[in-house]
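Below you'll find the structure, written out as structure tokens, and then a few comments.
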Amino acid sequence: MTTLRAFTCDDLFRFNNINLDPLTETYGIPFYLQYLAHWPEYFIVAEAPGGELMGYSAAVLMLCMFAVMGKAEGSVAREEWHGHVTALSVAPEFRRLGLAAKLMELLEEISEKKGGFFVDLFVRVSNQVAVNMYKQLGYSVYRTVLEYYSASSGEPDEDAYDMRKALSRDTEKKSVIPLPHPVRPEDIE
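First residue of the sequence shown? That's 1 in the UniProt record's numbering, and the numbers climb one at a time after it.
Shown next as structure tokens:
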């Protein structure tokens, strides 16, 4: 049985198998520790019965080959207070088991409790598997961010979709009305 639990510092040394996926953004240890210190409720881990990590999501999960990591940010006055999914990754051997959906559900619940208007995330335009999964979970493309992801080995930078899902506080669903034009990374607040 899969166990969902709070992320710990020791988990940083256990999730390489998850983070080595070419579509997963990786960060330095200080970045993960900052999330753990500031938004511990958004840092959760999925752990297999044998103790192996299944995945993580930077928003609350990160472990057991599956985790999610995120944070709360934005302005309440401008109705932009929201949960943000920084990372969501599942180890290849644990994919298609519903773990990503469960982690996203947890992140959304936490964002609801914190009074968020929406949850957002960035995903590579080329990652159609992830884009389709997020659409099945109720997310829609809010805007395209040009050259958001840095390329490696001389290839051009890649665009991202900023995908959003309105929460119950956004009764008029204003947060998910798509922008009519793409933006650049420096234009993102």
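Every residue gets a Cβ at the ideal spot worked out from N, C-alpha and C, and that includes glycine.
Predicted model only: the values in this text are computed from it and were never measured.
Just grab the DSSP bridge partners of R124 for me. A160
Residue environment, L36, which counts as buried when at least 16 other CB atoms sit within 10 Å: buried
Considering just the uninterrupted stretch of the alpha helix (DSSP H) at A37, what are its terminal residues? I29 to H38
With a threshold of 16 other CB atoms inside 10 Å of the CB of residue 230, please say whether the residue is buried or exposed. Residue 230 lies beyond the residue range present for the chain, which begins at 1 and ends at 189; the question has no answer from this structure.
Using DSSP's beta-bridge definition, name the partner residues of T144. Y161
Residue nearest to G98 in terms of C-alpha spacing, selected from E80, Q136, G115 and R5: Q136
Assuming D157 and Y149 make a contact with CB atoms under 8 Å, what is their CB distance in whole Å? 6 Å
Tell me whether D11 is buried or exposed, calling it buried when 16 or more other Cβ atoms sit within 10 Å of its Cβ. buried
Write down the C-beta distance between E47 and R5 rounded to the nearest angstrom, noting that I regard them as a contact closer than 8 Å. 6 Å
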